[in-house]
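So the structure is just underneath, and the comments pick up after that.
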Amino acid sequence: MFKNLEQLTKKIKKQKNKNPNISYTASLFKKGKNFCIKKFIEEAKELAASSKYSNKKNIVHEASDLLYHFLVLLEFKKISIASIMNELKRRQKISGIQEKKNRKKNVR
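Per our numbering, the sequence shown runs over residues 456 to 563.
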(Lines of atoms letter the chains of each structure in order from A; the text may use other names.)
(Lines give C-alpha, C1' and ligand atoms only; values in the text may rest on other atoms or scores of the structure.)
Protein backbone atom coordinates (compact mmCIF):
# COMPACT_ATOMS: atom_id res chain seq x y z
CA MET A 456 0.00 0.00 0.00
CA PHE A 457 2.79 2.42 0.91
CA LYS A 458 4.38 1.60 -2.44
CA ASN A 459 1.28 2.96 -4.20
CA LEU A 460 1.64 6.26 -2.33
CA GLU A 461 5.29 6.46 -3.32
CA GLN A 462 4.34 5.80 -6.95
CA LEU A 463 1.70 8.52 -6.86
CA THR A 464 4.20 10.91 -5.27
CA LYS A 465 6.70 10.18 -8.06
CA LYS A 466 4.00 10.79 -10.66
CA ILE A 467 3.11 14.13 -9.04
CA LYS A 468 6.81 15.16 -9.13
CA LYS A 469 7.02 14.16 -12.78
CA GLN A 470 3.78 15.86 -13.82
CA LYS A 471 4.19 19.15 -11.95
CA ASN A 472 6.41 20.67 -14.63
CA LYS A 473 4.39 19.51 -17.63
CA ASN A 474 2.04 21.60 -19.71
CA PRO A 475 -0.73 22.85 -17.37
CA ASN A 476 -3.20 22.74 -20.26
CA ILE A 477 -2.71 18.96 -20.45
CA SER A 478 -1.81 17.95 -16.88
CA TYR A 479 -4.14 18.61 -13.96
CA THR A 480 -1.19 18.28 -11.58
CA ALA A 481 0.79 20.89 -13.53
CA SER A 482 -2.22 23.21 -13.51
CA LEU A 483 -2.35 22.97 -9.70
CA PHE A 484 1.33 23.85 -9.37
CA LYS A 485 0.90 26.75 -11.78
CA LYS A 486 -1.98 28.14 -9.70
CA GLY A 487 0.21 28.03 -6.62
CA LYS A 488 0.28 26.78 -3.07
CA ASN A 489 -2.60 28.94 -1.78
CA PHE A 490 -4.91 27.61 -4.49
CA CYS A 491 -3.85 24.07 -3.59
CA ILE A 492 -4.57 24.69 0.08
CA LYS A 493 -8.06 25.91 -0.83
CA LYS A 494 -8.54 22.84 -3.04
CA PHE A 495 -7.43 20.53 -0.21
CA ILE A 496 -9.90 22.15 2.18
CA GLU A 497 -12.65 21.83 -0.43
CA GLU A 498 -11.86 18.13 -0.86
CA ALA A 499 -11.85 17.60 2.92
CA LYS A 500 -15.32 19.15 3.14
CA GLU A 501 -16.53 16.95 0.30
CA LEU A 502 -15.21 13.85 2.05
CA ALA A 503 -16.86 14.88 5.30
CA ALA A 504 -20.18 15.48 3.55
CA SER A 505 -20.01 12.22 1.62
CA SER A 506 -19.17 10.34 4.82
CA LYS A 507 -22.39 11.65 6.29
CA TYR A 508 -24.71 11.12 3.33
CA SER A 509 -23.15 8.89 0.64
CA ASN A 510 -22.47 5.27 -0.13
CA LYS A 511 -19.03 3.66 0.23
CA LYS A 512 -18.17 4.09 -3.46
CA ASN A 513 -18.59 7.86 -3.27
CA ILE A 514 -16.68 8.04 0.01
CA VAL A 515 -13.77 6.14 -1.59
CA HIS A 516 -13.86 8.57 -4.52
CA GLU A 517 -13.76 11.64 -2.25
CA ALA A 518 -11.07 10.11 -0.01
CA SER A 519 -8.94 9.47 -3.10
CA ASP A 520 -9.34 13.10 -4.17
CA LEU A 521 -8.32 14.28 -0.70
CA LEU A 522 -5.29 12.00 -0.56
CA TYR A 523 -4.12 13.20 -3.99
CA HIS A 524 -4.41 16.86 -2.99
CA PHE A 525 -2.64 16.09 0.30
CA LEU A 526 0.29 14.66 -1.66
CA VAL A 527 0.34 17.74 -3.90
CA LEU A 528 0.63 19.96 -0.81
CA LEU A 529 3.46 17.79 0.53
CA GLU A 530 5.28 18.21 -2.78
CA PHE A 531 4.91 21.99 -2.56
CA LYS A 532 6.66 21.88 0.81
CA LYS A 533 9.22 19.24 -0.29
CA ILE A 534 8.00 16.82 2.39
CA SER A 535 8.22 13.14 1.56
CA ILE A 536 5.44 10.69 2.23
CA ALA A 537 8.11 8.59 3.96
CA SER A 538 8.55 11.31 6.59
CA ILE A 539 4.80 11.27 7.27
CA MET A 540 4.81 7.48 7.56
CA ASN A 541 7.80 7.63 9.91
CA GLU A 542 5.97 10.11 12.13
CA LEU A 543 2.91 7.85 12.24
CA LYS A 544 5.14 4.89 13.11
CA ARG A 545 6.73 6.91 15.92
CA ARG A 546 3.30 7.77 17.29
CA GLN A 547 2.31 4.11 17.48
CA LYS A 548 4.70 3.77 20.40
CA ILE A 549 2.69 6.16 22.61
CA SER A 550 -0.98 6.79 23.26
CA GLY A 551 -2.75 9.46 21.25
CA ILE A 552 -3.57 11.32 24.44
CA GLN A 553 0.08 11.41 25.50
CA GLU A 554 1.21 12.43 22.02
CA LYS A 555 -1.16 15.43 22.07
CA LYS A 556 0.08 16.45 25.53
CA ASN A 557 3.69 16.25 24.29
CA ARG A 558 2.85 18.45 21.30
CA LYS A 559 1.33 21.13 23.54
CA LYS A 560 4.50 21.17 25.67
CA ASN A 561 6.71 21.59 22.58
CA VAL A 562 4.64 24.45 21.10
CA ARG A 563 5.37 26.86 23.94
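Backbone N, C-alpha and C fix where the C-beta goes; we use that ideal spot for every residue, glycine too.
Please read these numbers as outputs of a predicted model, since none were measured by experiment.
For asparagine 541, the enclosing alpha helix (DSSP H) covers residues 536-546.
In the DSSP assignment, serine 505 falls within the unbroken alpha helix (DSSP H) covering 488-508. The C-beta of isoleucine 467 has 16 or more other C-beta atoms within 10 Å across all chains shown, which makes the residue buried. Between the C-alpha atoms of alanine 499 and asparagine 541 there is a straight-line separation of about 23 Å. If you draw a straight line from the Cα of phenylalanine 525 to the Cα of serine 519, it is about 10 Å long. In this structure, DSSP gives asparagine 513 a helical state, which the three-state scheme calls helix.
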